[in-house]
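Asker: Just so we're on the same page, the numbering used here is the position in the sequence shown counted from 1, plus 326. First, the structure itself, so that you have it in front of you.
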Amino acid sequence: QYVQYMPSVLPHLLNKATEKLDVSVTNADESNSSVEEEDGFEGYSVSVPGMGQKKIRINTTQLEEKAQSARALYEHARSLGADFGPFVEVSVNSFLPLVNCEYSGDVRATAAQALCQVFKA
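The following block contains the structure:
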């Protein structure tokens, strides 16, 4: 049965969920209004009242990986049902903070769906 592989699979999902998101906010270069983008990053230049122009860079690859790990957790919990029981506590501890992810609605939604399925297991 697949449950025997969960101790090998789950740590990868939990690592992606708990990985610190690479986000930076810096003063924007006045001479260059465009934001440089690197692979996996998106950048935005915004005007913050009282603070001036700021450059925000977010690692979107990490956001996608967090959402994908939540989808995978959902499928594992759904497929295993009651056999997922031993993994509930560690899953909740790792994915609950993602419900409040301020940078991605997709991460929030998939984490909430995953946790709902974990609670049903």
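For each residue, glycine too, the CB sits at the ideal point set by N, CA and C.
Is Gly369 helix, strand or coil when you go by DSSP?
Answerer: Locating residue 369 in the sequence shown gives position 43, counting from the first residue. Reduced to three states, the DSSP call for Gly369 is strand.
Asker: In terms of residues, what are the limits of the alpha helix (DSSP H) holding Gln388?
Answerer: Translated into the one-based positions of the sequence shown, residue 388 becomes position 62. Run containing Gln388: 386 to 406, per the alpha helix (DSSP H) assignment.
Asker: Which term fits His338, buried or exposed, when burial requires 16 or more other beta carbons within 10 angstroms of its beta carbon?
Answerer: Taking the sequence shown and counting its residues from 1, one reaches residue 338 at position 12. Exposed is the call here.
Asker: Going by alpha carbons, who is nearest to Ala354 out of Ala435, Arg383, Ser395?
Answerer: Here the question's residue 354 lines up with position 28 in the sequence shown. Checking every option, the nearest Cα to that of Ala354 belongs to Arg383.
Asker: Please report the straight-line C-alpha distance between Leu406 and Ala447, rounded to a whole angstrom.
Answerer: The residue given as residue 406 occupies position 80 in the sequence shown. The residue given as residue 447 occupies position 121 in the sequence shown. Roughly 8 Å separates the two Cα atoms.
Asker: Taking the straight line between their C-alpha atoms, what separation do you get for Glu415 and Ser430?
Answerer: The residue labelled residue 415 in the question sits at position 89 within the sequence shown. The residue labelled residue 430 in the question sits at position 104 within the sequence shown. When rounded, the distance between both Cα atoms is 24 Å.
Asker: Answer yes if the stretch 387 to 405 comes into contact with the stretch 435 to 444, meaning at least three C-beta pairs across the two stretches below 8 Å, and no otherwise.
Answerer: The stretch 435 to 444 is in contact with the stretch 387 to 405.
Asker: Go ahead and label Asn385 buried or exposed: buried means 16 or more other beta carbons lie within 10 angstroms of its beta carbon, across all protein chains shown.
Answerer: The residue labelled residue 385 in the question sits at position 59 within the sequence shown. Result: buried.
Asker: For Gln327, name the three-state secondary structure that DSSP assigns.
Answerer: Position 1 of the sequence shown, counted from the start, is the residue given in the question as residue 327. Gln327 falls in the coil class under three-state DSSP.
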